[in-house]
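Q:
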Amino acid sequence: MTETELSFNQKLIRIQADLKVPKTNYSDYGGYNFRNAEDILKAVKPHNLNHGLLLTLTDIPIFMDGRFYIKATAKITDGTDSLKVEAYAREADSKPKMDDSQVTGSASSYARKYALQGLYLIDDGIDSDSLNDAENETENQIRAEFNDNFTKYVQQVAEISGTHSEVIKANILGKHDYDNLEQVSPNDFQQIIGYTKLMVLKAEEKSQKRIESQPKEPTKSFTWGK
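Quick note on UniProt numbering: the sequence shown kicks off at 1 and runs consecutively.
Given below as structure tokens:
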């Protein structure tokens, strides 16, 4: 099958398989390597060009539960078929040395990054070279368990409350002064999991109260034999 005969899905699958975006940035604060939205865009543009695909990024602010979020949408199309992935990031209350526009821009960058990673199936695990081999294995196991439990409880809250899981995720991380899971310190794993489990319980209680408050249909009484 020639390149022009590839379907839209086949082109995207090939890009997802071939795309490599190394984490060339380093966080002095967290002690880990990371990539940003600009890194992904720089790496993927030649692939999109070769396959004749157009990528667009848009983001809009939304207000929910008293906080502002940025919803980013990454959309790729061949002119006929298309696929889009959405991601959310919560604006921080404030950040040192940042004005309002910079705070919004930071949230936009995070949201776009995760939308792009979802679209191109880019793994977001910790780089093996950021830690030595022995420490890396233990750290990865602990972090993987944290990520799995966090995602599980967030999904439970989302299903019970009807709120988008990405909004809940961003809200929880924001309350603990984190912008994304990459930044979470192992020292805060237990606290964040405990907080998220408490959200599940509160969501269940609220759901139960809502059910109990619904008016019940009156039962009809009648006398047999009349």
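By construction, the Cβ of each residue, glycine as well, lies at the ideal position given by its N, Cα and C atoms.
(1) Only counting the same chain, and skipping five residues up and downstream in sequence, which positions put a Cβ closer than 8 Å to that of residue 19?
(2) Report the residue from 185, 12, 189 and 7 whose alpha carbon sits nearest the alpha carbon of residue 32.
(3) Just how far apart, CA to CA, sit residue 149 and residue 158?
(4) Is residue 82 helix, strand or coil by DSSP?
(5) Rounded to whole angstroms, what is the Cα-Cα separation between residue 110 and residue 6?
(6) Would you call the region 163-172 and the region 72-79 touching, i.e. three or more CB-CB distances under 8 Å?
(7) Can you find the residues in the same chain that come closer than 7 Å, C-beta to C-beta, to residue 71, ignoring five residues on each side of it along the sequence?
(8) Nearest-angstrom Cα distance between residue 165 and residue 49?
(9) Do the CB positions of residue 13 and residue 51 come within less than 8 Å of each other?
(10) For residue 116, does the count of other Cβ atoms within 10 angstroms reach 16, so buried, or fall short, so exposed?
(11) Go ahead and pull the three-state DSSP assignment for residue 35.
(12) Where does the unbroken beta strand (DSSP E) through residue 196 begin, and where does it stop?
(13) Under a Cβ-count criterion, where at least 16 other Cβ atoms within 10 Å of its own Cβ denotes burial, should residue 153 be classed as buried or exposed?
(14) Where does residue 20 fall in DSSP's three states?
(15) Taking the CB atoms as reference points, tell me whether residue 69 and residue 167 lie closer together than 8 Å.
(16) Out of 160, 23 and 41, which one is the CA nearest neighbour of residue 199?
(17) On the DSSP bridge list, what partners appear for residue 61?
(18) What is the DSSP secondary structure of residue 185, counted as helix, strand or coil?
(19) Who are the Cβ neighbours of residue 96 in its own chain at under 7 Å, not counting the five residues just before and after it?
(20) I'd like the span of the beta strand (DSSP E) that includes residue 27, first residue to last.
(21) I need the straight-line Cα distance from residue 54 to residue 28, nearest angstrom please.
(22) Identify every residue that forms a DSSP beta bridge with residue 56.
(23) Answer yes or no: do residue 23 and residue 8 have a C-beta to C-beta separation smaller than 8 Å?
A: The structure says:
(1) These residues qualify, in order along the chain: 43, 44, 47, 120 and 122.
(2) If we check each option's Cα against that of residue 32, 185 comes out closest.
(3) The alpha-carbon atoms of residue 149 and residue 158 are separated by roughly 14 Å.
(4) Looking at residue 82 - three-state DSSP - the assignment turns out to be strand.
(5) Rounded to whole angstroms, residue 110 to residue 6 spans 32 Å at the Cα level.
(6) Contact check between the region 163-172 and the region 72-79: fewer than three CB pairs, one atom from each, fall below 8 Å, which does not count as touching.
(7) Beyond the five residues adjoining it in sequence on each side, residue 71 comes within less than 7 Å, by CB distance, of 59, 60, 62, 86, 88 and 111 in the same chain, given in chain order.
(8) Annotation: residue 165 to residue 49 spans about 33 Å, alpha carbon to alpha carbon.
(9) Against a cut-off of 8 Å, the Cβ pair of residue 51 and residue 13 comes out as no contact.
(10) Sixteen is the threshold: when 16 or more other Cβ atoms of the shown chains lie within 10 Å of the Cβ of residue 116, as they do, the residue is buried.
(11) In the structure shown, residue 35 sits in coil (DSSP, three-state: anything other than H, G, I, E or B).
(12) Not the beta strand (DSSP E): residue 196 falls in the alpha helix (DSSP H), residues 189-213.
(13) Per the 10 Å Cβ criterion, buried.
(14) DSSP places residue 20 in coil when its eight states are reduced to three.
(15) At a Cβ-Cβ threshold of 8 Å, residue 69 and residue 167 count as neighbours.
(16) With distances taken between Cα atoms, residue 199 lies closest to 160.
(17) BP columns for residue 61 point to 70.
(18) Under the three-state reduction of DSSP output, residue 185 falls in the coil class, being neither helix nor strand.
(19) Low confidence applies here, because residue 96 scores a pLDDT of 46, under 50, leaving its location unreliable; read the following figure in that light. Take residue 96, set aside five residues on each side of it, and no residue of its chain has a beta-carbon closer than 7 Å to its own.
(20) Where residue 27 is concerned, the enclosing beta strand (DSSP E) stretches over 25-27.
(21) Looking at the backbone, the Cα of residue 54 and that of residue 28 are separated by about 35 Å.
(22) Its beta-bridge partners are 75.
(23) It is not a contact, given that the beta carbons lie outside the stated cut-off.
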